[in-house]
Amino acid sequence: MLAVAAEFEALYHPRRGACQAAYIEAAESLAAKGETMFARLGRWSNLFTRALGAALLLGACGVSALTPAAAQTPAVLRMARNAEPGIFIPWLIDDNTALFTMGNVYDDLLRVTKDGASVEPALATSWDTSADGLTWTFQLRPGVKFSDGTLLTSNDVKVSLDLARGGTRTVWKDNYKAIQEIQTPDPMTVNIILTEPHAPLLSELAMFPAWIMQADMATATEAPGYDDAKNWASKGTGGYYTESFQKGEPVILKRNPYYWKNTPAVDEVDIEYVPDDNTRVLKLQGGEDDIVDFVPFSQIDQLNALPGIKAQDFPIQQTTFVILNVTKPPLDDLNVRQALNYATDKDAIIKSVFFGQAQVMNAPIPLGTYVDKESPGYPYDLARAQALMAASSVPNGFTLPMIVPNNNQDRINTAIILKDEWAKIGINVDIQPLESSAWRAAFHGEGNFMSTPAAWTNDMNDPTEIVNYAMRGGEGSGSFAYWTRYNNPDLSAKITAADLEQDAAKREAEYVDIQRTYLKDAPLVFIANLGATAAWRSNVSGFLIDGLSYYRFEDVTLNR
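With my numbering applied, the sequence shown closes on residue 601, and no number is skipped along the way.
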């Protein structure tokens, strides 16, 4: 995989690896001289921000503020993202790039409202439940067609949901463990039979693993020898379908002529992979792209100062942290994990990396439903961190390898600051940049990694998703407790109880207890709550990132 990553980098970004190696080497050199990279980062960031602002404003002082976009069909929208998508199969998706792309291709029975607070009808127009809470009946929307023109039936729903909850490859089975059986009494009716009452069911059915794929295509994903490289092909009921995709090339979405809701105003969406933050911004300024994501926090104000460009930090339910592989000594030592948390100056990271546009992450779930508002978190306390290390299995310190995705400068900068901070408790962070797909494979595979900075974005308006995916232990979870390999049977039992509880006040109390237990066990280094940034040209209307970080191109209009 590392050889593949190296080949990819040589092909697409030949200088990136060398630049990052020099960047990390500079951090180590500064540390040897007694100067922290945090201080140098601050000066570099200020200089770069001023330089970029000057460059952008010089462009604005020309004949026109923005170079006109190249001649295009008026209905083609061009977007640049910071990462390539992984697998497009709903119940296998585990990266936001695939998630937010395919959110325009597939529908659920229900969909989350734009504020992320509740659910509304989608492929199901109505639903009700039996008195004992064990049978839920959904009536399908009549006349809905897939992008190939075939009609949606209850069998498509059954096949997709059965694979999400019990397929041989699904990584989201824990979210659907309460489903005992799915019945299809007629083509327009779906009965979901539960083993026991399950409070978050409707929220789970509005989540991406429950997207409905055309039955034949869904079944094919389970066949021996199925080639995931071909999984960009799609038959969904959403506003778009995938026209083409291969690694290194844009994802091409075409308007679904059979879309049940409306006909999107944009005929085609081309989503290209541009890993460098500044390159994306310059492509937007030059008119090569209409929308770019992951705009550096340092550039929001400069972009908004330009006529013809809008940049925004959208409030979403997102956190950033460091994943620790708790099966790898000495990270199996609670003293070490807690020491790392106390030795992390979250405010310094927020100031330097996120330019103050974030909040300290005190609770282990995003700011949403049932978050523990009184969570103590891990305040910066170097003396306490040093005492915990002294009492640990490695009182003299150790070297901690940290893999980082090389397309995310925020995570690279976070790793560099942590290298400075954790050196104060005897921990030498060995930063190892990887191409994004190689990085993901490294910690999703056999677990042969020690640590990595990462992020979580809620995909539903209920904490059951994150506690089942990121906190429930054991390999049966499908995600290995968000790849930490954390396993606390008592906590897993508490999660099961919270999923069963029907009383909202009692559920909240149970989720607070779950958060306190997980916080104490510290499988993560908790850092910050973040928003989502994007920028777009003034000829784009209707673009937004909703409370769960989705953007839907069906709402976008484009004027050339």
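Where a beta carbon is used, it is the ideal one built from N, C-alpha and C, also for glycine.
Between TRP273 and ARG182, the beta carbon gap of about 26 angstroms keeps them out of contact (Cβ cut-off 8 angstroms). The DSSP assignment places complete beta strand (DSSP E) segments of no fewer than 3 residues inside the stretch 210-294 at 220-227, 230-235 and 281-285, in order along the chain. Under the DSSP assignment, ALA426 falls in the alpha helix (DSSP H) whose first and last residues are 423-431.
Of all C-beta pairs linking the stretch 564-571 to the stretch 372-389, three or more are shorter than 8 angstroms, placing the two stretches in contact. DSSP lists GLN180 as the beta-bridge partner residues of SER167. Contact check for ILE223 against LEU202 passes: the beta carbons are separated by less than 7 angstroms.
SER477 counts as buried, since at least 16 other C-beta atoms from the protein chains shown sit within 10 angstroms of its C-beta. Between the C-alpha atoms of GLU487 and ASN366 there is a straight-line separation of about 11 angstroms. In this structure, the beta-carbon distance from ASN145 to GLY280 falls below 7 angstroms. Under DSSP, LEU585 shares a beta bridge with no residue. Sequence-distant Cβ neighbours of TRP524 in its own chain, meaning closer than 8 angstroms and more than five residues away, are ILE364, ASN366, PHE484, HIS485 and GLY488.
Within its own chain, the residues whose Cβ lies closer than 8 angstroms to the Cβ of GLY184, once the five positions on either side in sequence are excluded, are LEU192 and TRP301, listed in chain order. Around the beta carbon of GLU551, 16 or more other beta carbons sit within 10 angstroms, so the residue counts as buried. In the displayed model, ILE568 falls within a strand according to three-state DSSP. Scanning MET120, ASN319, ASP503 and LEU599 for the CA closest to the CA of GLN343 turns up ASN319.
By the Cβ neighbour-count rule, LYS199 is buried, with 16 or more other Cβ atoms within 10 Å of its own. In its chain, beyond the 5 residues on either side, LEU118, MET120, TYR281, LEU294 and PHE594 have a beta carbon closer than 7 angstroms to the beta carbon of VAL310. Residue environment for GLN340: buried (at least 16 other C-beta atoms within 10 angstroms of its C-beta). Of all C-beta pairs linking the stretch 455-473 to the stretch 425-445, three or more are shorter than 8 angstroms, placing the two stretches in contact.
PRO446 has LEU475 as its beta-bridge partners, per DSSP.
With fewer than 16 other CB atoms across the displayed protein chains lying within 10 angstroms of its CB, THR209 is exposed. Counting the other CB atoms within 10 Å of its CB gives GLN543 a total below 16, which places it among the exposed residues. With respect to the C-alpha of PRO442, the residue from TRP463, PRO407 and ALA496 having the closest C-alpha is TRP463. For PRO494, the enclosing beta strand (DSSP E) starts and ends at 492-498.
Here DSSP, grouped into helix, strand and coil, assigns PHE395 to coil.
Taken through DSSP and simplified to helix, strand or coil, ILE453 comes out as helix. Taken through DSSP and simplified to helix, strand or coil, GLU309 comes out as strand. Straight-line spacing of the CA atoms in LEU541 and ALA240 works out to 6 angstroms.
Under the three-state reduction of DSSP output, LEU344 falls in the helix class. Its chain contains THR455, ILE458, ILE568 and ALA569 as the residues whose beta carbon lies nearer than 7 angstroms to that of ILE390, once the 5 sequence neighbours on both sides are disregarded; these appear in chain order. Under a 10 Å Cβ-count criterion, ASN345 is classified as exposed, with fewer than 16 other Cβ atoms of the shown protein chains found around its own Cβ.
C-alpha of ALA158 to C-alpha of GLY588: approximately 8 angstroms in a straight line. LYS460 counts as buried, since at least 16 other C-beta atoms from the protein chains shown sit within 10 angstroms of its C-beta.
Nearest C-alpha to TYR267 among PRO126, ILE130 and LYS535: ILE130. In the DSSP annotation of this structure, LYS351 is not part of any alpha helix (DSSP H); the continuous beta strand (DSSP E) holding it starts and ends at 350-365. The C-alpha of GLY514 lies about 6 angstroms from the C-alpha of PHE521.
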